[in-house]
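K.L.:
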Amino acid sequence: MDEKDKFKLIHKSMFNLEENQNSEINEDIIKRTYYMLKKIRSVEERIAEEYPYNEIRCPTHLSIGQEGVPAAISTLVNDHDYFVSTHRGHAHYLAKGGDLNKMIAEIYGKTTGCAGGKGGSMHLIDKQKGFMGTSAIVGNSIPLGVGLALSNKLKKKNSISCIFIGDGAIEEGVFYESLNFAVLKNLPVVFICENNLYSVYSPLSVRQPEGRSINLLAKAIGANVAHADGNNVLESRKVLKEIITKIKTCESGPWFIEFDTYRWREHCGYQFDNHLGYRDENEYLAWKKRDPLELFKKNNQVLIDYGKIDKFIESEIEEAFRKSKTDPFPEKSEAYQKLYAE
Amino acid sequence: MKNITFANSINEAIKVAMSIDKNVICYGLGATDPKGIFGTTVGLEEKFGSERVFDMPTSENAMTGVAIGASISGMKTIMTHQRLDFFLLAMDQIVNSAAKMHYMFNGELNVPLTVRLILGRGWGQGPTHSQNLQSWFAHIPGLKVVMPSSAEDAKGLLLSSIFDPNPVIFLEHRWLHNSSSEVPDGDYRIPLGKAKKIKEGNDFTIVSMSYLTAEALIAAKYLKQFGIEVDLIDLRSIKPLDIDTIVSSLSKTGRILVLDTGASTCSVASDIISKLSTKCFSYFKDSPCILTMPDIPEPTSFELTKGFYIRAADIANEILQKLKIENANPYKDIPEPDPHDIPGEWFKGPF
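Taken in order, these protein sequences are the chains called Z and B. So the first sequence is residues 1011 to 1352, counted in the working numbering. So the second sequence is residues 1202 to 1552, counted in the working numbering.
(1) Can you give me the start and stop residues for the beta strand (DSSP E) that Z:Asp-1270 sits inside?
(2) Please confirm if Z:Met-1113 has its CB atom under 8 Å from at least one CB of chain B.
(3) With B:Val-1384 as the anchor, note down where its beta strand (DSSP E) starts and where it stops.
(4) Spell out the partners DSSP gives Z:Pro-1172 in its beta bridges.
(5) Can you tell me the Cα-Cα spacing of Z:Thr-1336 and Z:Tyr-1063, whole angstroms?
(6) If we count the other Cβ atoms within 10 Å of its Cβ and call it buried at 16 or more, is Z:Glu-1182 buried or exposed?
(7) Output, in chain order, the set of chain Z residues within a Cβ distance shorter than 7 Å of B:Glu-1252.
(8) Alpha carbon to alpha carbon, how far is Z:Ala-1236 from Z:Glu-1291?
(9) Does DSSP classify Z:Met-1011 as helix, strand or coil?
(10) Mapping DSSP to helix, strand and coil, what is B:Glu-1373?
(11) Scan the segment 1244 to 1325 of chain B and note each continuous alpha helix (DSSP H) run of 4 residues or more that stays entirely inside, going in chain order.
(12) Specify whether the segment 1112 to 1122 of chain Z and the segment 1084 to 1097 of chain Z touch according to this definition: at least 3 beta carbon pairs, one from each stretch, less than 8 Å apart.
(13) Round the Cβ separation of B:Pro-1313 and B:Pro-1349 to the nearest angstrom and send it over; I've been treating them as touching at under 8 Å.
(14) Taking Cβ to Cβ, would you say Z:Ile-1135 is nearer than 8 Å to Z:Ala-1146?
(15) For B:Glu-1546, is the classification buried or exposed, using 16 other Cβ atoms within 10 angstroms of its Cβ as the cut-off for buried?
(16) Based on the DSSP output, what are the partners of B:Tyr-1556 in its beta bridges?
(17) On the DSSP bridge assignment, give the partners of B:Met-1494 in chain order.
(18) So the beta strand (DSSP E) Z:Gly-1143 belongs to, where does it begin and stop?
(19) Under a three-way DSSP split, which group does B:Leu-1458 fall into?
(20) Verify the CB distance criterion: does B:Met-1219 have a CB-CB separation below 8 Å to chain Z?
(21) Around the Cβ of Z:His-1285, are there at least 16 other Cβ atoms within 10 angstroms (buried) or fewer (exposed)?
(22) Decide if Z:Pro-1219 is buried, meaning its Cβ has at least 16 other Cβ atoms within 10 Å, or exposed.
(23) Would you say Z:Ala-1179 reaches chain B, if we count a Cβ-Cβ gap shorter than 8 Å as a contact?
(24) Cβ closer than 9 Å: which chain B residues qualify as neighbours of Z:Tyr-1350?
(25) For a contact defined as C-beta to C-beta under 8 Å, what are the partners of B:Pro-1258 on chain Z?
(26) Once DSSP output is grouped into helix, strand and coil, what is the label at B:Asp-1432?
(27) Measure the beta-carbon distance from B:Gly-1343 to B:Ala-1300 and round it to whole angstroms, keeping in mind my assumption that it falls under 8 Å.
(28) In chain order, what residues of the same chain have a beta carbon less than 8 Å from the beta carbon of Z:Val-1087, not counting five sequence neighbours either side?
(29) If I'm right that Z:Pro-1264 touches Z:Ala-1233 with Cβ under 8 Å, what's the distance once you round it to whole angstroms?
(30) Hey, quick one: how far does the beta strand (DSSP E) through Z:Asn-1234 stretch, first residue to last?
(31) Can you have a look at Z:Asn-1026 and say buried or exposed, based on whether 16 or more other CB atoms are within 10 angstroms of its CB?
(32) Could you tell me whether any Cβ in chain B is nearer than 8 Å to the Cβ of Z:Lys-1137?
(33) Is there contact here, the segment 1507 to 1527 of chain B with the segment 1365 to 1383 of chain B, by at least three beta-carbon pairs under 8 Å?
(34) When Cβ atoms are compared, which residues of the segment 1142 to 1174 of chain Z fall closer than 9 Å to chain B?
(35) Using only the alpha-carbon positions, how far apart do B:Ala-1622 and Z:Arg-1098 sit?
(36) Are the segment 1481 to 1491 of chain B and the segment 1288 to 1297 of chain B in contact at 8 Å, needing three or more beta carbon pairs?
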């Protein structure tokens, strides 16, 4: 794959999106989408700032650069829909309406955290919001998302289950097993693959055959598929909206969407790591030019007062960190509680 | 109350569970095929419909995850595998997800999942079709492990497992499927985590599990003619383990033999001895003993498996030696049946 192809971003989805001129991209949607986009970015940057102080003491995987897809879907789902996600799950948790204070407190290991300090950054949960957990094991949450969809189908609920994965999960056997079953049972589930080209330091080129498309693999298993630019938030939203509508209204069965995107910082931790040489600085800069946040602002300049939203987000973040730092740690006896449900 | 087989008792427990709770679903490879997993799932699809009872792709890992996903959103899932060995493909889901979710999400989620695994020995099952890995599962915090030894217990323990809010590994010994006993009707439950005293005696404690309880009963009957009365405890649950019942028996007899259908190292049997040694060392009148499978895979050949399994004679012999009773020849008096590799005449193979 030459450099040009590598950076080619595919703007057209693989299926025929019906053009909807009356698309309800209104000011409210723009505002809410921007809010989530900026919120994820700012939260992650604040974590990066705080991380060197060694008060955050758990493996932490930041979503900086990959905010586009979570922001795009945040205005398309409700509390009855389910999300499951991965080690890099902060963005999905926030996009599903997960409580910021509880997330930051969890990362700090505090009793007020969403998992009482037992899970940390890689195990976020907000059942009330339909956020059914993240897993530190690549591919682990895929079948859970399919099981949630099975449950919805059996209970005849008109809700969807969204499974967030990366390109690495495509190499896990459980991905094929899960997608096969989802297709077999025509389940209301969306596999959302954020392809950021790397699994830790290993590029796609050492993991998957050159030129083979991830979404076409999924298509061969029988899923409906789409492919879109994950850094173009409104395009991603349009693709997602159409697919979610199809699943909810015409029982279209499972969908697999591949979104191209890029992680800016190191796999795990707060630093930049391009100097290690596993990826090219130019590649990083090329993707940075396609920053989902800046692109969004450029394309929606006249509509909103970004400064006002930014200020609100800053105050939310300030409050979350202030609280989390001063909140108490759990009692030591908590370590021995809640092994079994009563 | 009626006299039915272990396999029918399992079938009845699932029927009862599915009748009283519409959120119970049941699936597994072969669950709806004509043989219905040794008869244990026969008739379920007809009665409860193919949405709730279905066959599955040969995808043990994902289908375990699917069961977990369904279970955290209100379903109660019964999943079955015809051999425990195939379930080894699902270790990620059972260990990293099912066992952990309640704890690591601080009680937000719970996983009411029952995984029925059939294990056994004999008929050339060999290295990869005969593993008894109860100690693996018991080692994982968050799982419960159940091993019934009779038709009655199979029903009572399975119903409790299905309605337990936690993941339960339910281990059925294939050699018990055709054994029968009186089984209460309806929603009959036996609490998990409590052992059952099968026989009362003051001379020697035998702790047993699953099929070995049947062998232990033969040994106990044989030992009686030497004036030896054994206290026979059937564990029922491997985890939680009812150590109190064992401690109380040891305080009476001072002598103990623990049986285990699995391999020796890190076995349930060795763990029980370890617990007793740290908890109540002064109760021992003699060094404790265990009888387990050796630390090698099970061979396949008919000849290679002769004398390979734990038998009543081995159990009797161990106790006779400990009590220094001479002039007894259990290997002659209660020899290994011929053929040795099947549970009884009813069994015509293949498994």
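Here a beta-carbon is modelled for each residue, glycine too, at the ideal position from N, C-alpha and C.
P.N.:
Let's see:
(1) 1265 to 1270
(2) no
(3) 1381 to 1384
(4) Checking the sequence shown, residue 1172 of chain Z turns out to be Cys, not Pro. Answer by DSSP bridge pairing, in chain order: Z:Phe-1093 and Z:Val-1200.
(5) 15 Å
(6) buried
(7) Leu-1164
(8) 29 Å
(9) In this predicted model, Z:Met-1011 has a pLDDT of only 39, less than 50, meaning its place in the structure is not dependable; the value taken from the coordinates is given anyway. Three-state DSSP puts Z:Met-1011 in coil, outside helix and strand.
(10) strand
(11) 1245 to 1249, 1261 to 1272 and 1302 to 1305
(12) no
(13) Going by Cβ atoms, the distance from B:Pro-1313 to B:Pro-1349 rounds to 19 Å, so no, they are not a contact pair.
(14) no
(15) exposed
(16) Past the edges of chain B, shown from 1202 to 1552, lies residue 1556 of chain B, and the structure says nothing about it.
(17) B:Ala-1464
(18) 1141 to 1144
(19) strand
(20) no
(21) exposed
(22) exposed
(23) no
(24) His-1303, Tyr-1304, Asn-1311, Gly-1343, Lys-1345, Asp-1365, Pro-1366, Asn-1367 and Pro-1441
(25) Glu-1187, Asn-1190, Phe-1191 and Leu-1194
(26) strand
(27) 3 Å
(28) Phe-1093, Lys-1106, Gly-1140, Ile-1170, Cys-1172 and Ile-1254
(29) 5 Å
(30) 1234 to 1239
(31) At Z:Asn-1026 the pLDDT is 34, less than 50, meaning the model places this residue with poor confidence; the figure from the coordinates comes in the next sentence. Exposed, because fewer than 16 other Cβ atoms sit within 10 Å of the Cβ of Z:Asn-1026.
(32) yes
(33) no
(34) Met-1142, Gly-1143, Ser-1145, Ala-1146, Ile-1147, Gly-1149, Asn-1150, Ser-1151, Ile-1152, Pro-1153, Leu-1154, Gly-1155, Val-1156, Gly-1157, Leu-1158, Ala-1159, Leu-1160, Ser-1161, Asn-1162, Lys-1163, Leu-1164, Lys-1165 and Ser-1171
(35) With chain B covering 1202 to 1552 only, the question about residue 1622 of chain B has no answer from this structure.
(36) no
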